[in-house]
Amino acid sequence: EVQLVESGGGLVQPGGSLRLSCAAYGFTVSSNFMTWVRQAPGKGLEWVSVIYVGGTTSYADSVKGRFTISRDNSKNTLYLQMTSLRSEDTAVYYCARFSRFGYYFDYWGQGILVTVSS
Amino acid sequence: DIVMTQTPLSSPVTLGQPASISCRSSQSLVHSDGNTYLSWLQQRPGQPPRLVIYKISNRLSGVPDRFIGSGAGTDFTLKISRVEAEDVGVYYCMQATQFPLTFGGGTKVEIK
């Protein structure tokens, strides 16, 4: 059974850093496009970042230069390193598998809350 | 970036009646490979999003056939032929023709 389990969220001060993890079960992270999508409280969905099969990455302009997506193939885990955090980064962060054949999100994690506040 | 605009913001519907959501993109979603990567996601309260339609009109296994997607180019529609209680939630259209991936603002489907 395919499952994505996020961890690492919490409260952090503005300017601080946090690393999110997404453990994958039932499939191989490195053989898939993996993404992070976030949702601010009461708001819509915003794509954050993608890592392709070959390891190339891409980011939304709002996080470029501050966030880094990566994966550990030995742990079958996806990461999002977040630095220079701002209040507007407060959101539930979802990891999601992005089908490279149909270009759609086929599996989502339950999400993890990140709160940036002093 | 491609801007996705959904209407209406809210759709109160009687159980068993149809619901329709429109989505318009700021430019054509036809990819250079000939496919149109427009999908619809459902987000029930307190849950992560879930795919209901991909490539305009395709349903993944397990999605009820009352969910019907249609459209082309820049104009797309999601229709729920007979709304059931489990269909309550927010629906988002999303384009994956080019990065950055972008979403519509969402349409809340609720029971009258």
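Protein sequence lines correspond, in order, to chains F and S. Take 414 as the starting number for the first sequence in the numbering used here and just add one per residue. Take 33 as the starting number for the second sequence in the numbering used here and just add one per residue. Even for Gly, the Cβ is constructed at its ideal location relative to N, Cα and C. If you're wondering where the values come from, they're calculated on a predicted model, not measured in any experiment.
Determine the extent of the beta strand (DSSP E) in which residue i is found, giving its start and end residues.
i: Asp485 (chain F); result: 480-485
i: Val529 (chain F); result: 525-529
i: Thr109 (chain S); result: 107-112
i: Arg472 (chain F); result: The residue asked about is misnamed: residue 472 (chain F) is Tyr in this sequence, not Arg. Here the beta strand (DSSP E) through Tyr472 (chain F) covers 470-472.
i: Ser462 (chain F); result: 458-464
i: Leu133 (chain S); result: Where Leu133 (chain S) is concerned, there is no enclosing beta strand (DSSP E), given that its DSSP letter is neither H nor E.
i: Ile85 (chain S); result: 82-85
What residues from chain S crowd round residue i, counting only those whose CB sits closer than 7 Å?
i: Trp449 (chain F); result: Simply none; closest approach about 11 Å.
i: Leu458 (chain F); result: Pro81, Tyr124, Phe135
i: Tyr507 (chain F); result: Pro80
Looking at chain B, is there any beta carbon in it that lies within less than 9 Å of the beta carbon of residue i?
i: Thr129 (chain S); result: Protein chains F and S are contained in the structure displayed, whereas chain B is not.
So for residue i, helix, strand or coil by DSSP?
i: Val425 (chain F); result: strand
i: Val95 (chain S); result: coil
i: Asp119 (chain S); result: helix
i: Val442 (chain F); result: helix
i: Asp538 (chain F); result: Examination of residue 538 (chain F) is not possible in this model, given that chain F is present from 414 through 531 alone.
i: Ser60 (chain S); result: coil
i: Asn489 (chain F); result: coil
i: Thr448 (chain F); result: strand
i: Tyr69 (chain S); result: coil
i: Arg432 (chain F); result: strand
i: Ser89 (chain S); result: coil
i: Ser420 (chain F); result: strand
i: Thr37 (chain S); result: strand
Looking at residue j and residue i, is the spacing between their C-beta atoms short of 9 Å?
i: Ile482 (chain F); j: Thr470 (chain F); result: yes
i: Met36 (chain S); j: Thr109 (chain S); result: no
i: Pro77 (chain S); j: Gln523 (chain F); result: no
i: Tyr507 (chain F); j: Tyr86 (chain S); result: no
i: Val115 (chain S); j: Val141 (chain S); result: yes
i: Tyr492 (chain F); j: Gln416 (chain F); result: no
i: Gly121 (chain S); j: Gln74 (chain S); result: yes
i: Trp139 (chain S); j: Gln38 (chain S); result: Residue 139 (chain S) is actually Thr in this sequence, not Trp. Yes, these two residues count as a Cβ contact at 9 Å.
i: Ile34 (chain S); j: Gln127 (chain S); result: yes
i: Ser531 (chain F); j: Pro427 (chain F); result: yes
i: Thr528 (chain F); j: Gly423 (chain F); result: yes
Any idea which residues DSSP pairs residue i with across the strands?
i: Val141 (chain S); result: S:Ser43, S:Gly121
i: Tyr517 (chain F); result: F:Ser512
i: Ala104 (chain S); result: S:Asp107
i: Tyr507 (chain F); result: F:Val450
i: Ser52 (chain S); result: S:Lys111
i: Gln75 (chain S); result: S:Val122
i: Thr129 (chain S); result: Bridge partners of Thr129 (chain S): none, in fact.
Which bits of chain F does residue i rub up against, with CB to CB less than 7 Å?
i: Pro77 (chain S); result: What Pro77 (chain S) touches in chain F: nothing, since even the nearest Cβ is about 12 Å away.
i: Lys87 (chain S); result: Gly515
What residues from chain F crowd round residue i, counting only those whose CB sits closer than 9 Å?
i: Gly138 (chain S); result: Lys456, Gly457, Leu458
i: Ser71 (chain S); result: Gly515, Tyr516, Tyr517, Phe518
Under 8 Å Cβ-Cβ, which residues of chain F neighbour residue i?
i: Pro132 (chain S); result: Trp460, Ser471, Ala473, Asp474
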